[in-house]
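Notes for the one structure printed next.
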Amino acid sequence: MPRILTRSRELQLRAESLLPGGVDSPVRAFRSVGGDPPFVTRAEGAYLWDADGNRYLDMFGSWGPMILGHAFPPAVEAIQQAAARGASFGASHAGEGDLAELVMQCFPSVERLRFTSSGTEACMSAVRLARGFTGRNFVIKFEGCYHGHSDAMLVKAGSGVATLGIPGSAGIPAETAQHTLALPYNDLAAVQAAFAAYPGQIACIIVEPVVGNAGTIAPAVGYLQGLRTLATEHGALLIIDEVMTGFRLSLGGAQQVYGITPDLTTLGKIIGGGLPCGAFGGRADVMEFLAPLGPVYQAGTLSGNPLAMAAGIATLSHLIADQQTVYAGLEQSTAAIADGVAALAREAGIAVTTNRVGSMFTWFFTDQPVTDFASAATSDTARFGRFHRAMMEAGVWLPPSQYEAAFVSTAHGSAELEILLEAARGALV
Ligand code: KE4
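Following the working numbering, the numbering of the sequence shown begins with 9 at its first residue and continues without gaps.
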């Protein structure tokens, strides 16, 4: 029976008269998959409910943060208790140190860190810090990777930029964009060539260690080690953007999985347990270039917000205490989901390439291996749109873009697997 979306539609019409596209973040508008975005009223565990009472199995988890499922009781309680003590102080409080200690327990490469209110701010600040520390202007990023929407990062970016098929963004002066070198992912020769072309001028490499913003793309064997070697050789800093992979792929993110030590790490999403929070950190000698100690300015009214700290502490404390069960369980449940639907696609004669690392994955509607953005772009996005709409009708909410990763939480169990496979049987036609 088709879903009723009456109330969501009313809310969307109002939102479109108030917010550009009716959204506060473009990818939520469903523009690349079609259909009307339901308006969510509440979320719990692995599920979302919309304004018309429809229930959805949530396969994007607020784009990554909700690894323990929605309304995780210890996080809810911690937020409620923190709120009763005041929402924001604009002054130092113990929660900042408490969460920082937990982050450093998970990320040994982080000797000092600073909290921000988003992953964008974390990445923007880390790049500015790398430029200030090295005295160099150029930055290497990779096509299809997304590091938030600061000017220097919106060059051949992934996520919503790729979803909307726009090369970058209007409003960014050429003088700014020219210092961003966007290279193919998984191509070390391109990085070597860039260093040869700009000797002594490249401040940093920033990379998604496992790409999530072109859909999921794993690093080739030796790729991350190659970036580490080249950065060191040429006096550039290696920034590993773990906003999506941090605490997701393991407690220590991708750098733990692949055995890489960056100079700086950026974090977000899970670190705030669903509240606005990012962080950047790494080598103490680099971080101490930050004001008030050094000449690189960076600030934020709500940085280290007490409620975000409380939610992050509750989330990371659980992940640390239960890490064996959490990550082994996520590996097993995500493999069953990703491989189960891939098998149904094969049975239906539909070409799907499944890329998965831990509990993040993407079904690319292509028969090609997907190793970089160019190969991801061979996907049949119209077919993905039809699949997405059919899954929504069946009560399964996938990320509304071929160029995004799906995420599984600890709240996804065998019942959720059955719901998903049943929906896919009807959607893969
Ligand atoms: P935020 O500013 O959205 O908190 O973080 C930016 C960011 C930085 N680095 C990586 C690797 C990221 O994935 C992100 C944000 N991810 C997107 C989803 N692919 C956010 C969703 C959205 O833009 O609405």
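Virtual Cβ for every residue (Gly too), placed ideally from N, Cα, C. It should be emphasised that the depicted structure is a prediction, and the values quoted were computed from it without experimental measurement.
Using the C-alpha atoms, what's the distance from residue j back to residue i?
i: residue 315; j: residue 72; result: 19 Å
i: residue 317; j: residue 413; result: 26 Å
i: residue 17; j: residue 51; result: 19 Å
i: residue 376; j: residue 387; result: 8 Å
i: residue 135; j: residue 212; result: 7 Å
i: residue 77; j: residue 327; result: 12 Å
i: residue 23; j: residue 140; result: 41 Å
i: residue 280; j: residue 368; result: 18 Å
i: residue 453; j: residue 74; result: The displayed coordinates of the chain run from 9 to 437. Any statement about residue 453 would go beyond what the structure contains.
i: residue 401; j: residue 434; result: 10 Å
i: residue 40; j: residue 94; result: 41 Å
i: residue 158; j: residue 181; result: 12 Å
i: residue 283; j: residue 312; result: 11 Å
i: residue 97; j: residue 309; result: 9 Å
i: residue 81; j: residue 53; result: 10 Å
i: residue 215; j: residue 176; result: 17 Å
i: residue 149; j: residue 188; result: 7 Å
i: residue 102; j: residue 293; result: 24 Å
i: residue 374; j: residue 353; result: 11 Å
i: residue 340; j: residue 202; result: 40 Å
i: residue 244; j: residue 210; result: 6 Å
i: residue 46; j: residue 9; result: 16 Å
i: residue 32; j: residue 197; result: 38 Å
i: residue 131; j: residue 145; result: 15 Å
i: residue 15; j: residue 21; result: 10 Å
i: residue 259; j: residue 277; result: 14 Å
i: residue 240; j: residue 270; result: 10 Å
i: residue 200; j: residue 426; result: 47 Å
i: residue 233; j: residue 268; result: 7 Å
i: residue 304; j: residue 105; result: 22 Å
i: residue 115; j: residue 295; result: 15 Å
i: residue 360; j: residue 108; result: 41 Å
i: residue 329; j: residue 335; result: 12 Å
Mind reading off the beta-carbon distance from residue i to residue j? Whole number of angstroms is fine, and I expect it under 8 Å.
i: residue 371; j: residue 379; result: Not quite, the Cβ-Cβ distance comes to about 16 Å (not below 8 Å), so this is no contact.
i: residue 48; j: residue 168; result: Their Cβ separation, rounded to whole angstroms, is 19 Å, which puts residue 48 and residue 168 out of contact at 8 Å.
i: residue 405; j: residue 154; result: In fact, because the Cβ distance is near 21 Å, the residues do not count as touching under 8 Å.
i: residue 56; j: residue 66; result: 5 Å
i: residue 381; j: residue 231; result: Wrong, their Cβ atoms sit about 15 Å apart, outside the cutoff.
i: residue 119; j: residue 290; result: 7 Å
i: residue 416; j: residue 358; result: 22 Å between Cβ atoms; not a contact.
i: residue 111; j: residue 338; result: 20 Å between Cβ atoms; not a contact.
i: residue 152; j: residue 384; result: 6 Å
i: residue 184; j: residue 160; result: 6 Å
i: residue 138; j: residue 247; result: 6 Å
i: residue 451; j: residue 127; result: Because the chain spans 9 through 437 in this model, residue 451 falls outside it and cannot be assessed.
i: residue 288; j: residue 418; result: Incorrect: roughly 27 Å between the Cβ atoms, too far for contact.
i: residue 227; j: residue 266; result: 7 Å
Compare the C-alpha of residue i against each of the options and name the closest.
i: residue 324; options: 113, 386, 387 and 420; result: 113
i: residue 365; options: 256, 202 and 358; result: 256
i: residue 69; options: 252, 434 and 263; result: 252
i: residue 222; options: 121, 145, 401 and 389; result: 389
i: residue 89; options: 321, 425 and 235; result: 321
i: residue 355; options: 186, 437 and 27; result: 437
i: residue 11; options: 30, 27 and 61; result: 61
i: residue 147; options: 205, 104 and 170; result: 205
i: residue 348; options: 391, 28, 431 and 218; result: 431
Helix, strand or coil for residue i per DSSP?
i: residue 195; result: coil
i: residue 404; result: strand
i: residue 74; result: coil
i: residue 254; result: strand
i: residue 219; result: strand
i: residue 277; result: helix
i: residue 121; result: strand
i: residue 386; result: coil
i: residue 52; result: strand
i: residue 392; result: helix
i: residue 298; result: strand
i: residue 293; result: helix
i: residue 159; result: helix
i: residue 172; result: coil
i: residue 347; result: helix
i: residue 369; result: strand
i: residue 12; result: coil
i: residue 431; result: helix
i: residue 203; result: helix
i: residue 143; result: coil
i: residue 437; result: coil
i: residue 375; result: coil
i: residue 413; result: coil
i: residue 93; result: coil
i: residue 31; result: coil
Is residue i close to ligand 2? I mean its beta-carbon at under 7 Å from any heavy atom of the ligand.
i: residue 36; result: Absence of ligand 2 is noted for the structure shown, with ligand 1 being the only ligands found.
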